[in-house]
Structures are given as structure tokens and as C-alpha cells.
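The structure appears right after this line, and notes come after that.
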Amino acid sequence: MTASSLFWSLGPSIVGTVFDGGQHEANLRGANAQYDMAVADYRQTVLTAFQQVEDGLSAARVLSQEAQSQQSAVDASGQALDRAMNRFKDGAISYLDVVNLQAMALTDSRMAVDIEKRRMDADVQLLEALGGGWKAPA
Numbered sequence: 117m118t119a120s121s122l123f124w125s126l127g128p129s130i131v132g133t134v135f136d137g138g139q140h141e142a143n144l145r146g147a148n149a150q151y152d153m154a155v156a157d158y159r160q161t162v163l164t165a166f167q168q169v170e171d172g173l174s175a176a177r178v179l180s181q182e183a184q185s186q187q188s189a190v191d192a193s194g195q196a197l198d199r200a201m202n203r204f205k206d207g208a209i210s211y212l213d214v215v216n217l218q219a220m221a222l223t224d225s226r227m228a229v230d231i232e233k234r235r236m237d238a239d240v241q242l243l244e245a246l247g248g249g250w251k252a253p254a
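In this text, residue positions in the sequence shown follow our numbering: the first is 117, and each later residue adds one.
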């Protein structure tokens, strides 16, 4: 093959590749745009995960304080009920007073259980935010 025939056989393919009307540059810009979008999506995912973890830790801290406070209320209402029962046995108060204190003690206990449920829910959400799975026991 002569140099002239080699030029004429390879020339059009080289020229077509070099002078493609900016197609390669457009493809590169498209790929860069997709990369930038993927980076932005990843960054947003990471920020969302950090926010969920912070929310979970904050909820755990607040609910722990609420649980301690509510437990104090449960203890106090239980002691008040015990004193009322003793006073009822001595004839110092009516049974209606005892029943009212029982209702208050039950309300305090119910609120303590509700706070504990919210704590457990917050713990599950925190585990999920940290990447752990949650499966309900069978």
C-alpha cells in the first residue's frame, strides 16, 4: 500500500473523528452534568442522614428526661395513694377520695408507658437512620 492510498483510506475516518461537529465535547459536558447531579444527590443523602441521626439523638435525650420526670410523678402518686388508703382505713377520708387518687395514679402510669413507647419508636428511627434494619419479631 502506498502512502497516498493509505492517506485516502484513513484520512476520512480521522477527519470524521476530529471534526465531529462538537459531538465529543457535548458528550463530555453531558457526562460532567450527570456526575455533578450524582454528587449533589449523594451530598443531599448524606445531609439528610446526618439530620435524621441528630433528630433521633435529640429525641432520645428529651424523652429520657421526660421519662425521669414522669417516673417521679408515678412514684409520688403511688405514695399519695398509699397514704390515702391508710387514711381511708382509719376512717379519715371517703372511698371516693381513694378512687380519685387511683385514677390520678393510673393516668400517671399510662403517661409513663406512652413516653416509653415514644422512646422505643425514637430508638427504632435512630437505628434506621444509622443504617440498621428493623424487623418486627415474628
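Cβ coordinates follow ideal geometry from the N, Cα and C atoms, glycine included. It should be emphasised that the depicted structure is a prediction, and the values quoted were computed from it without experimental measurement.
> For residue 209, does the three-state DSSP call read helix, strand or coil?
Replying inline: Taking the first residue of the sequence shown as 1, we reach residue 209 at position 93. Correct three-state label for residue 209: coil.
>> Report the CB separation of residue 183 from residue 238 in whole angstroms; it is logged as a contact under 8 Å.
In response: The residue labelled residue 183 in the question sits at position 67 within the sequence shown. The residue labelled residue 238 in the question sits at position 122 within the sequence shown. Contact annotation, residue 183 with residue 238: C-beta distance approximately 11 Å; criterion of less than 8 Å not satisfied.
>> Cutting at 6 Å between CB atoms, please list the residues of its own chain near residue 143, excluding the five before and the five after it.
In response: If you number the sequence shown from 1, residue 143 lands on position 27. Answer for residue 143: no residue qualifies.
> Helix or strand or just coil, what does DSSP make of residue 172?
Replying inline: Residue numbering aside, residue 172 sits at position 56 when the sequence shown is read from its first letter. Reduced to three states, the DSSP call for residue 172 is helix.
> When DSSP labels each residue in this structure, what does residue 233 get in the three-state scheme?
Replying inline: Your numbering for residue 233 matches position 117 in the sequence shown. If DSSP states are grouped into helix, strand and coil, residue 233 belongs with the helices.
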